[in-house]
Every structure is written in structure tokens, then in C-alpha cells.
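Numbering (my numbering), first residue to last: 422 to 713.
Single-structure report; data block below.
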Ligand SMILES: [Zn+2]
């Protein structure tokens with residue numbers, strides 16, 4: 422145990438390999454039902470890894486998956502994990518009107534709560550798609566009974582990001598707590614240091630160092646995220662995709678499971694709600710986002 426003082430948040434975005442946003446232009450939604458689904462075996466593998474180490478986590482789950490694999494949702498809940506929402510069908514919030522977003526998040530919450538039998542308090546927008554252009558989304562999340570979100574990525578990236586937003590949990594005027602996935606401040610830039618393709622791409626020792634820095638230097642819990650398909654070297658290859666998308670999706674997938682195992686052993690991990698809800702904020706609202 423390298424950093425016993427702080428518990429970091431382990432989060433899993435429960436979606437299948439053909440649902441990732443980078444594949445959206447290659448695989449239309451109408452084809453989803455005819456694809457080989459791998460999510461159940463992959464989530465079961467994750468649940469086993471967590472049970473072995475007695476780690477609890479937060480599962481941001483698509484309603485599309487929950488409706489097709491209700492028993493999987495119950496196994497997540499029965500394992501002592503937090504069930505949270507990733508929306509219905511992985512549509513970016515930036516692609517939806519306010520009315521469509523309202524419909525998406527309220528339906529997803531209802532579906533997950535009906536199947537899981539527990540309140541759903543957390544929401545993560547697909548592809549971190551809340552930012553400067555759609556901050557109204559937080560009012561919608563508050564109105565639909567969510568208590569926190571993990572939807573703004575404070576980095577510069579070609580698909581998402583709001584580089585000037587706070588790096589740590591802050592409360593919005595709507596009453597929602599936004600808990601961004603973790604970045605490391607280097608000079609005037611925030612570097613992604615909390616999962617996704619970056620965790621597979623970078624040497625493990627560097628990822629570990631970045632989380633240690635956030636724990637020790639910032640005195641904050643890190644928020645780490647990954648996807649079930651990232652531990653699945655046997656997933657069907659999507660043909661005809663561009664080189665950048667191919668690299669980002671497949672890089673180091675065969676190493677991911679053992680790397681995750683090491684990560685789980687090197688830090689203390691827990692659920693988002695346990696770590697962030699009902700705890701005083703160490704970083705008060707400081708930005709235009711928080712103060713609006
Ligand atoms: Zn997602």
C-alpha cells in the first residue's frame with residue numbers, strides 16, 4: 422500500500438466495445454443488437470477481480486446494457502458496488518437538446534433503479550460531453566434527482582474537455598457536485614492521469630506516480646476510470662477504422678488486466694458516493710463554471 426491515507430475512486434463505464442463514441446461513425450446504433458456482446462463476461466471478470474481484493478467501485482452503466490443484462494446489474498449491486506448512470510444509449514450530451522437530455526437521463530435513472538433496486542445518484546456523460554456549451558445539463562441532472570456528476574474533463578482534447586474547469590470536486594449552483602476524473606497539473610497544463618487510453622499507453626510506473634502526486638501534493642482522492650472492453654483482448658476487431666482510432670482503442674489491451682491488478686494493490690479504492698458525497702470540499706468553487 423503506497424498511499425494509505427486516502428481512498429481513491431475506482432469507476433467503470435459499463436458499455437460494450439461497439440458503443441464507444443470513436444466508433445460511432447463506423448457502427449450505427451441500428452447495428453448494436455446484431456453485434457456480439459462481450460460486456461457481461463468482461464464485467465463479471467472485473468467483479469471477480471474486485472471481490473478478490475475486497476475493493477468496492479462505482480459502475481456508470483448504460484441503460485441499454487442494463488435492459489439486456491439485468492442480472493449483471495444485480496450482481497454489481499450485490500457485490501456492494503455503487504450503481505450509477507451513463508445515460509441510455511451513449512449519446513453525447515452535446516448532441517442532444519435540453520428536452521432530449523432530460524428524457525435520456527431520467528429514463529436511464531429509472532431503468533437502473535428499477536433493475537438494481539437502489540437509488541442512482543451519480544451520472545457520467547458519455548465521452549465527458551458536458552462543457553462550456555451545455556452547462557444547463559447540470560440543472561437537468563439536479564432536477565432529475567442526481568446528486569453528483571463526473572462529466573467534465575479538465576483537459577484539452579480533440580473530442581472533449583474543458584481545460585479551465587476545476588480539477589477537483591466542486592459544487593455547481595444547481596446543487597450538483599461535479600467530480601472530475603483526475604488530472605495532474607504540470608506548468609500551466611492539466612495532464613490526464615486517471616485511466617482510459619492514457620493508462621494503457623503510458624508506463625505503469627508513471628501512472629502510479631501521477632496518482633501518488635495527486636494524493637500527496639494536492640491532498641485529494643484520485644478518480645480513475647476504465648471500460649470493460651479494455652480488459653478484453655478477444656473482442657472482435659472493428660474493420661476499416663482510421664489509424665488514430667485504432668491505436669487509441671487497442672493499444673496495450675493485452676496488458677490491461679494485469680496492470681489493473683497492480684493498480685488495485687498499490688492504492689486504496691472505493692465508491693464515488695462513499696468518497697465524495699457528504700464530505701466537506703477542500704477546494705471550494707473557484708471558477709466561472711462553479712459560480713455561474
Ligand atoms: Zn462511455
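Even glycine gets a Cβ: it sits at the ideal position worked out from N, Cα and C.
query	result
Where residue 605 sits in the DSSP three-state scheme	strand
beta-carbon residue 510 near ligand 1 non-hydrogen atom, thresh 6 Å	no
Ligand 1 heavy atom lying under 6 Å from the CB of residue 547	yes
Which listed residue (693, 636, 661, 622) has its alpha carbon closest to that of residue 671	622
Contacting residues, own chain, Cβ-Cβ under 6 Å from residue 494 (five flanking each side not counted)	487, 536, 537
Burial state of residue 579, where buried means 16 or more other Cβ atoms lie within 10 Å	exposed
As assigned by DSSP and simplified to three states, the class of residue 678	helix
Rounded C-alpha distance that separates residue 611 from residue 602	11 Å
Which listed residue (451, 448, 648, 688) has its alpha carbon closest to that of residue 463	648
Where residue 673 falls: helix, strand or coil (DSSP)	coil
Residue 646: first and last residue of the uninterrupted beta strand (DSSP E) it sits in	644 to 647
Integer Cβ distance of residue 460 from residue 519, believed to fall under 8 Å	That pair is no contact at about 30 Å.
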